[in-house]
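Q:
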DNA sequence: AACTAACATATATAAAATATGCATCTTATA
DNA sequence: TATAAGATGCATATTTTATATATGTTAGTT
């Protein structure tokens, strides 16, 4: 059972951009800090832009900003939104071939479990990921080698 | 987000064998009824045998029986047991490269969600899958083209 | 106006995970 | 001893996921 790296990267990008606050982040910079493929990130960012999570500014001194406040980005919604294929097993989808589906409780039970999974995620926002504990935020900033001046003084802003 | 077909087949096999009760099921028969690859099923059955869910009897008139009572086969445990890779994202595993992991709440939250997923599954057994409602069981038996004589008279037996 | 640093898009390729197929072996029983 | 069952190992195919390449667009700077 896996979540795609695509979704994983989406979360990491938003986290990074949120931590950087009002300062613009660039794709190259994020790719470098996380040490991941710039090309793949490109697509991740594009989709986050299209879906209204990020504001992508072109041109010199362009970059990325959050388009919503970190408090308003729900983790459950985000993952449902970026993880395209949530069909846990064959019988969840169209092309289902399984003959017992109409009377099968396996499907029902798995669906119930999946709901429980998302209910937990629905209880968190991006702001929660930044660490309610300021020491954790400081540590994240350090690990990402961000300049922390602006951030540690003011509360998180979108 | 997916569960492997391997796990899906494991569930279906146990369901089939359970429905057939004391009569032996064969791999060929199960493959045919579900219309799935006999070879793949072979491996599924082998593992279920190795892990103590099924009793596999060789030789003429051999076949498969449950080794545990349907009431004792927990769905959560079964899926944890057959789904080998439960590392939702990179940072769950060894070869993790993500630099922020030590201070990252994403991991914590996803782990909590995964727990909720399994907690639901832990609440069900294979017996529950057979349908507490006898009409549903009858329907499953019909869909699988099983002879139902022995089953409808006696309660489910392992 | 031209240059450049940023994101956008489409297409191609590679890598990894999953699923399937095939050939051969072992076991038990009629 | 023939046969019907499962066991095992290796090879192949398929699908999904990830990455790379090449080219385009936008907007600020000089």
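Chains as they are written, first to last, in this note's numbering: chain A, 92 to 249; chain B, 92 to 249.
Each residue gets a CB set at the ideal place from its N, CA and C atoms; glycine is no exception.
Values in this document were obtained by computation on a predicted structure and should not be read as measured data.
Specify, as a first and last residue, the run of the beta strand (DSSP E) that residue 148(A) falls within.
A: Unbroken beta strand (DSSP E) run through residue 148(A): 145–148.
Q: So what does DSSP say about residue 130(A), is it helix, strand or coil?
A: Three-state DSSP puts residue 130(A) in a helix.
Q: Under the rule that 16 or more other beta-carbon atoms within 10 Å means buried, what is residue 197(B), buried or exposed?
A: Flag for residue 197(B) reads buried.
Q: From what residue to what residue does the beta strand (DSSP E) around residue 167(B) run?
A: Per DSSP, residue 167(B) belongs to no beta strand (DSSP E); it is in the alpha helix (DSSP H), 166–173.
Q: Looking at the secondary structure, which residues open and close the beta strand (DSSP E) in which residue 179(B) lies?
A: First-last for residue 179(B): undefined, no H or E at that position.
Q: Expressed to the nearest angstrom, what Euclidean distance is found between the alpha-carbon atoms of residue 226(A) and residue 186(B)?
A: C-alpha separation (whole angstroms): 26 angstroms.
Q: On the premise that residue 181(B) lies in contact with residue 96(A), defined as a C-beta separation below 8 angstroms, what is that separation, rounded to the nearest angstrom?
A: Contact holds; Cβ gap of about 7 angstroms.
Q: Less than 8 angstroms between CB atoms is the rule here; does residue 194(A) satisfy it with respect to chain B?
A: It does; some Cβ of chain B falls within 8 angstroms.
Q: Quick check: is the beta carbon of residue 184(A) nearer than 8 angstroms to any beta carbon in chain B?
A: Taking Cβ atoms only, chain B never reaches closer than 8 angstroms to residue 184(A), which makes this a no.
Q: If we ignore side chains and look at the alpha-carbon of each, how far apart do residue 243(B) and residue 229(B) end up?
A: Summary for residue 243(B): the model assigns pLDDT 44, below 50, so the residue's position carries little reliability; its value from the coordinates is reported in the next sentence. Distance between the alpha carbons of residue 243(B) and residue 229(B): 8 angstroms.
Q: Whose Cβ in chain A lies nearer than 9 angstroms to the Cβ of residue 96(B)?
A: Within 9 angstroms Cβ-Cβ: 180 and 181.
Q: Taking all protein chains shown into account, do 16 or more other C-beta atoms lie within 10 angstroms of the C-beta of residue 248(B), making it buried, or fewer, making it exposed?
A: At residue 248(B) the pLDDT is 42, less than 50, meaning the model places this residue with poor confidence; the figure from the coordinates comes in the next sentence. Burial call: exposed.
Q: Taking the straight line between their C-alpha atoms, what separation do you get for residue 137(B) and residue 126(A)?
A: C-alpha separation (whole angstroms): 41 angstroms.
Q: Could you pull out every residue in the same chain whose Cβ sits closer than 7 angstroms to the Cβ of residue 236(A), ignoring the five residues on either side in sequence?
A: Result list for residue 236(A): 124, in chain order.
Q: For chain B, check one thing: does any of its Cβ atoms lie closer than 8 angstroms to the Cβ of residue 207(A)?
A: Interface residue, yes.
Q: According to the neighbour-count rule (16 or more other Cβ atoms, all chains shown, within 10 Å of its Cβ), is residue 220(B) buried or exposed?
A: Buried: at least 16 other Cβ atoms inside 10 Å.
Q: Does residue 174(B) have its Cβ less than 8 angstroms from a Cβ in chain A?
A: Interface residue, yes.
Q: If we define contact as Cβ-Cβ less than 8 angstroms, is residue 210(A) a contact residue for chain B?
A: Yes, its Cβ sits closer than 8 angstroms to a Cβ of chain B.
Q: Going by alpha carbons, who is nearest to residue 140(B) out of 167(B), 110(B), 189(B) and 118(B)?
A: Among 167(B), 110(B), 189(B) and 118(B), the Cα nearest to that of residue 140(B) is on 118(B).
Q: Since residue 131(A) meets chain B, which of its residues come closer than 8 angstroms, beta carbon to beta carbon?
A: Going along chain B, no residue has its Cβ under 8 angstroms from residue 131(A), so there is no contact; the nearest lies around 13 angstroms.
Q: Do we get a CB-CB distance below 8 angstroms when we pair residue 246(B) with the residues of chain A?
A: Reliability of the predicted coordinates at residue 246(B) is poor, the pLDDT of 44 falling under 50, and no value is obtained from them.
Q: Examine chain A for any beta-carbon lying closer than 8 angstroms to the beta-carbon of residue 157(B), and answer yes or no.
A: No, its Cβ sits nowhere closer than 8 angstroms to a Cβ of chain A.
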